[in-house]
Every structure is written in C-alpha cells, then in structure tokens.
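Novice:
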Amino acid sequence: HNEMEKGMDRRRAAVPVLLMGRYTGKTCRLILMLVMTASFFVAELVSGYVGNSIALVSDSFSMLSDVLALCVGLVTGRLSHQRRRCPGASYGCGRAEVVGALCNAVFLAALYFTILMEALQRLARPESISNATLILVVGAIGLAVNLVGLLVFQDWACCCGRGSPNLLVLND
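Here the sequence shown stands for residues 1 to 172, numbered as in UniProt numbering.
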C-alpha cells in the first residue's frame, strides 16, 4: 500500500514538469509576459505610425523597455542563481540583477527624454490624428495587456523576491 502511494506521488509530481518543461513557474510567467509584450510592442508601434499618434508610439517604446527588462530579468535570474560562481566575478554574479536594472533605468531615462522632445515639437506644430478609432482600440488593448501583466505577477515575490515586474507594469 505504501509503494502504491509513492507511485501516485511520483506521477503527480511529473505532471507540472511535463507542462512547464525545465522552467519554473516564475520563469514561465516571465516568458508569457515577454511574448505578450513583444508582440503587442510591434502592433502598437505600427498602429502608432499608421494613426500618427505620438501616444501609441511612445507607449510602444515603453513596452520595448518592458521587453528588455523582462529579458534582463530572465538572464540575470539565471546568472544570480548559478551554483558555480565565476572566480573572476569579484563583485559576484548575484549583482547581475542590479546591473540589469541600472541598464533599464538608463534606457528609460533616454526614452522619456526623447518622448518629451517629440511632445514639445508636437505642441509647437500640431499634427492631425488620422484614425482615432484605431488609436482608441489599440490603446485599450494595451491597457488590457498591462492589466494581464499585473495579474500574472500578482504575488510580489515571484521574481527574485522583490516583485520588480509589478513595478514595470504599474509604471506603464
């Protein structure tokens, strides 16, 4: 009877491994949001240029920042949890997250400065929006993608114990 219970426990434990492969739930969440955000980045960028909307174009580049941050999170998460540390990394592989966050912050600062300059130019020389319905629909879908991201990363400890993806989503 005890052997039968052990066999059932092994089969139950194998189900999540089959569904997620070699990734943990945290990594699957990051990959899911990476795919959703990257695909919507392209849709928003194209719609922004078609509709001549600075709001959609700027939000698409904000989504690009999220894509880069999620990629950095995936890479640095793997680096910081390596069992074998590199002897040449005197600062430590665990600090890769900090360096990744710094790179993302520099990218965001440059992005928002560029958006500010474009917005000031548009204030000086206003341009008409060609398809307001398209912009409204794509903007609403963008909001939905951000809300899904907030729900996916609802437990604040899902990424590196700090909940940084939620801060990315709330930033949008």
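Here a beta-carbon is modelled for each residue, glycine too, at the ideal position from N, C-alpha and C. Remember, it's a predicted structure, so these values are computed and weren't measured experimentally.
Using three-state DSSP, classify Ile141 as helix, strand or coil.
Specialist: It is helical.
Novice: Answer with yes or no whether the minimum CB distance from Phe113 to chain B is below 8 Å.
Specialist: The displayed structure is made up of one protein chain only, and chain B is not part of it.
Novice: Give the single residue among Leu34, Thr27, Gly25, Lys26 whose Cα lies nearest to the Cα of Val145.
Specialist: When only C-alpha atoms are compared, the closest one is Leu34.
Novice: Given this structure, state the Cα-to-Cα distance separating Ala69 from Lys26, to the nearest angstrom.
Specialist: Answer to the nearest angstrom: the Cα atoms are 15 Å apart.
Novice: Counting only the same chain and skipping the five closest in sequence on each side, list residues whose C-beta sits under 7 Å from that of Gly142.
Specialist: Counting only Cβ-Cβ distances below 7 Å, and skipping sequence neighbours, we find Phe40, Glu44, Asp59.
Novice: State the CB to CB distance for the pair Asn104 and Ser130, rounded to an integer number of angstroms; the pair is presumed to be in contact (CB under 8 Å).
Specialist: Actually they do not touch by this definition, with Cβ atoms about 33 Å apart.
Novice: Indicate the three-state DSSP secondary structure (helix, strand or coil) for Asn131 in the structure shown.
Specialist: Three-state result, Asn131: coil.
Novice: Straight-line CA distance for Val55 to Leu136?
Specialist: The amino acid occupying residue 55 in the given sequence is Ala; Val does not appear at that position. Cα to Cα, Ala55 sits roughly 10 Å from Leu136.
Novice: Using a Cβ-Cβ cutoff of less than 6 Å, which residues in the same chain neighbour Val57 once the five nearest sequence positions on both sides are dropped?
Specialist: The answer, listed in chain order, is Gly48.
Novice: Figure out for me which residue from Leu111, Leu151, Val152, Glu118 has the closest Cα to the Cα of Asn52.
Specialist: Of the listed residues, the one whose Cα sits closest to Asn52 is Glu118.
Novice: Would you call the CB atoms of Ala96 and Leu79 closer than 8 Å?
Specialist: Cβ atoms of Ala96 and Leu79: closer than 8 Å.
Novice: Looking at the secondary structure, which residues open and close the alpha helix (DSSP H) in which Ser53 lies?
Specialist: Premise fails: Ser53 is in no alpha helix (DSSP H) and is neither H nor E.
Novice: Is the distance from the Cβ of Leu134 to the Cβ of Val50 below 8 Å?
Specialist: Closer than 8 Å, so yes.
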